[in-house]
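Residue numbers (our numbering), protein chains in the order written: chain A, 7 to 433; chain B, 7 to 433.
All residues carry an ideal CB built from backbone N, CA and C; glycine is no exception.
As structure tokens, the structure follows; a few thoughts come after it.
Right, dumping it as structure tokens:
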């Protein structure tokens, strides 16, 4: 067997013979398009091509759809999907054109998504006509969202339907976009203060050997990692996001399935999220615009198994579940307090053209530092109202305020932090 | 540079020198433990070891935490996490012991998770003592979940707090478990009716070259894929799940962030989920037990970008958004109608010992067929009440009923399916 497994090795003709496998290679496709990250036009930047059909066109490491590429492979293995399928993109174009904005042409501003990712069809029409299989990495659509907490806010008179941003039915009108990760490895390394070679090597080694091309193909600078992406929900006119004179209410929220979906009372995730949506609707009704950016980073990007292990360790430790041990318990299990790396988060704000957030609905100092560090100014910070904090979540919020989270009130002192406030496991 | 990047190649001593990289290799670690999938005891089965520290111990392809292994690598690259960190698992053991059940010793019953994954500390105490870095792939904890829909059911008198399963506050008491994917490749191939060699090759090729060991290391039969896992929520005593004489109400639910979290009205996902939770609580109060198994398979495992592209194509097609074109639009974009592959879903039910579901809160024929095909009997099927179906979701539910979904009422005919019922994009 030929031991050449590289998906980016040159293959003869449009449909590669798959009888031999290329493991890894140092030769790129001869006619693969170059990606000039941060170029000011789509034509100069060039398309991101992660196709698995005509492999000589590939100019990235990895493929599309994040983790779901594994399911795509299963579909091929099961005989349900043809390897040669090309997406028919008829009628799929964005409902709202986002950008281009000046930030798109700054190679340091956006390093983990493709700002041109929603414009595939128009920006790379020539490449598509030349038979290249180019897929959108961003999709923009419209939706009506009906949350029970918003219905309650209407019932209690905090929100009033206006027929434009909020309907009598309780549904809010949004533009929403799904964004897949597209990493420019040299720029991601720079963001984290390490060398590109170290980043590539550690990404390979610490995933147990994922994508050897990370280390063998330094000529391929773009990586489509198999991780979850982001979804943005916009309340009001998406173009207003780029206008710093229009009041922007925004929350950047990291996934927490246990609270966001199931309403677990151990944290403030869903209550803070629905409070932010309420603030976004109010903002839009005042003539502003609202934004929620939702990132798939379950359990501080540690994953849910680690999160549940930490819950047990917190609730069983001597002295009970206290704020002063909150971060220590995570660190014992995971080795770090947090793996969310807010350093990459502002990219999606730059994609939307955001230059100023008037009201940031977040208390996180890590998010605040990342946003302001990316050159986006922040006006007011909006904390979660006390009556929305579930009893069992007091441990978390106290620990976070003591660690530097924004609060308009007093920061809990050592005695306060040492008082057990979380439930045990037997109640 | 030595071009040997294999994470499973034999490395000298306990902490491997990382100055040279092994790309791929055919030699395993000499003292790596053997995994005998489906063996009847933990000792005979052997531990699943996906460590990235003492690599000679590895006996799998890939590593732990699914997609979040990429964030773990970022943490190392950023200098925040030591490569040598070992999880301190003090106090993290399951709050409820699940199994072992006879299904665990059937190598064909469970192929995509490790049934011993929550019992690491006790089942593999000797290996841990020998310095092997073994991590749980399952974590079991307890929680209080407070959903606004459940509070409303109480307010409307459909549910009554009992102080045991449902509190006056509106919170329901659950045992919950997070489960990471652990695939036994020979058995997964068998489940999908393809050869193991083809499965390995396609998993490698169609992901754009992820894990060459899939094709070079046929001796490694277990793969930890970088995908999302599952979470199970149990209402009542978890041990009752394995007792077919105790009434089991169950829903298997696939992630839909747009509805589950944000309440988008284009589908029935969250309303059906919260209805299932209500049925689970009622079931527990009747002396039964309830179960929701939640799988991270966004947008039918096509991912959210594809899902939003399909929304646009549906709503812009000639004639409007009709049920008779519902599946066709997905197929145009994605090449298939669905990539969720319910074939793997029953594994989690076998892990819990389930032999009979008395009330299945799902109309999906794919889920029903997978469950009954796995030898689990199903009594009643519970459809979503009509008044919980959002207007814009009528397209989906009609299309599904016509395609074979269970319904106690009439199946929509061709004329009905051709009537546009979905909103356009401009309203």
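Chain B residues whose Cβ lies nearer than 7 Å to that of residue i
| i | result |
| --- | --- |
| residue 266 of chain A | 267 |
| residue 177 of chain A | 271 |
Minimum Cβ-Cβ distance from residue i to chain A less than 7 Å
| i | result |
| --- | --- |
| residue 338 of chain B | yes |
| residue 318 of chain B | yes |
| residue 150 of chain B | yes |
| residue 314 of chain B | yes |
| residue 52 of chain B | no |
| residue 295 of chain B | no |
| residue 147 of chain B | yes |
| residue 284 of chain B | no |
| residue 288 of chain B | no |
| residue 358 of chain B | no |
| residue 191 of chain B | no |
| residue 434 of chain B | For residue 434 of chain B there is no data in the structure shown, the boundaries of chain B being 7 and 433. |
| residue 416 of chain B | no |
| residue 220 of chain B | no |
| residue 155 of chain B | yes |
Amino acids of chain B, ordered along the chain, whose beta-carbon sits closer than 9 Å to that of residue i
| i | result |
| --- | --- |
| residue 308 of chain A | 71, 74, 77, 78 |
| residue 171 of chain A | By Cβ distance, chain B contributes nothing, its closest Cβ being about 13 Å from residue 171 of chain A, past 9 Å. |
| residue 200 of chain A | 83, 84, 85 |
| residue 345 of chain A | 74, 77, 78, 80, 81, 86, 87 |
Range covered by the beta strand (DSSP E) that runs through residue i
| i | result |
| --- | --- |
| residue 260 of chain A | 254-260 |
| residue 409 of chain A | Residue 409 of chain A -> no beta strand (DSSP E), and no H or E assigned at all. |
| residue 384 of chain B | 383-387 |
| residue 300 of chain A | 295-301 |
| residue 365 of chain B | 362-366 |
| residue 198 of chain A | Where residue 198 of chain A is concerned, there is no enclosing beta strand (DSSP E), although the alpha helix (DSSP H) it sits in stretches over 191-198. |
Outcome for residue i when other beta-carbon atoms lying within 10 angstroms are tallied against a minimum of 16
| i | result |
| --- | --- |
| residue 445 of chain A | Summary: the structure shown does not reach residue 445 of chain A, with chain A confined to residues 7 through 433, and so no result is reported for it. |
| residue 424 of chain A | exposed |
| residue 6 of chain A | The requested residue 6 of chain A does not occur in the structure, where chain A is confined to residues 7 to 433. |
| residue 418 of chain B | buried |
| residue 430 of chain B | exposed |
| residue 352 of chain B | buried |
| residue 182 of chain A | buried |
| residue 420 of chain B | exposed |
Beta-carbon neighbours of residue i, restricted to chain A and to distances below 8 Å
| i | result |
| --- | --- |
| residue 130 of chain B | Here the premise fails: no neighbours, minimum Cβ distance about 16 Å. |
| residue 232 of chain B | 73, 76, 213, 216, 232, 233 |
| residue 431 of chain B | 101, 147, 148 |
Chain B within 7 Å of residue i, Cβ atoms only
| i | result |
| --- | --- |
| residue 485 of chain A | Only positions 7 to 433 of chain A appear in this structure, which leaves residue 485 of chain A out of reach. |
| residue 23 of chain A | Here residue 23 of chain A scores only 40 on pLDDT, less than 50, and its place in the model should not be relied on; the value that follows carries that caveat. Cβ-Cβ to chain B under 7 Å: no for residue 23 of chain A. |
| residue 186 of chain A | yes |
| residue 91 of chain A | yes |
| residue 117 of chain A | no |
| residue 408 of chain A | no |
| residue 342 of chain A | yes |
| residue 165 of chain A | no |
| residue 386 of chain A | no |
Extent of the continuous alpha helix (DSSP H) run through residue i
| i | result |
| --- | --- |
| residue 326 of chain B | Per DSSP, residue 326 of chain B belongs to no alpha helix (DSSP H) and is neither H nor E. |
| residue 77 of chain B | 75-83 |
| residue 208 of chain B | 202-211 |
| residue 373 of chain A | 371-379 |
| residue 156 of chain B | 154-161 |
| residue 448 of chain B | Since the first and last residues shown for chain B are 7 and 433, residue 448 of chain B lies out of range. |
Chain-ordered neighbours of residue i on chain A, where CB pairs are closer than 9 Å
| i | result |
| --- | --- |
| residue 323 of chain B | 96, 97 |
Residue i: CB within 6 Å of a non-hydrogen atom of the ligand MN
| i | result |
| --- | --- |
| residue 327 of chain B | Although the ligand MN was asked about, the structure shown includes no ligands whatsoever. |
7 Å Cβ cut-off: residues of chain A touching residue i
| i | result |
| --- | --- |
| residue 278 of chain B | Correct list: empty, because the minimum Cβ distance to chain A is about 13 Å. |
Contact list for residue i against chain B, beta-carbon separation under 8 Å
| i | result |
| --- | --- |
| residue 239 of chain A | 268 |
| residue 3 of chain A | There is no way to answer for residue 3 of chain A, as the model of chain A reaches only from 7 to 433. |
| residue 398 of chain A | 150 |
Contact between the region 383-394 of chain A and the region 412-429 of chain A (3+ Cβ pairs under 8 Å)
Pairwise C-beta distances place the region 383-394 of chain A in contact with the region 412-429 of chain A, as three or more of them are shorter than 8 Å.
Looking at C-beta atoms only, is the number of pairs between the region 188-198 of chain B and the region 157-164 of chain B that lie closer than 8 Å three or more?
no
Below 8 Å, how does it come out for the region 118-129 of chain A and the region 49-58 of chain A: are there three or more Cβ pairs, yes or no?
Contact holds: three or more Cβ-Cβ distances are below 8 Å.
Three or more C-beta pairs below 8 Å linking the region 335-350 of chain B and the region 336-347 of chain A
no
Meets three-Cβ-pair contact criterion under 8 Å: the region 85-97 of chain A and the region 242-256 of chain A:
Output reads no: the region 242-256 of chain A does not touch the region 85-97 of chain A.
So, does the region 136-152 of chain A touch the region 208-224 of chain A, judging by three or more C-beta pairs under 8 Å?
no
Evaluate contact between the region 96-112 of chain A and the region 353-370 of chain B, counting only Cβ atoms and requiring at least three cross-stretch pairs below 8 Å.
no
I'd like to know if the region 55-72 of chain B and the region 227-235 of chain B are in contact, where contact means that at least 3 CB-CB pairs between them fall below 8 Å.
yes
Closer than 8 Å is the cut-off here; do at least three beta carbon pairs connect the region 231-242 of chain B with the region 68-80 of chain A?
yes
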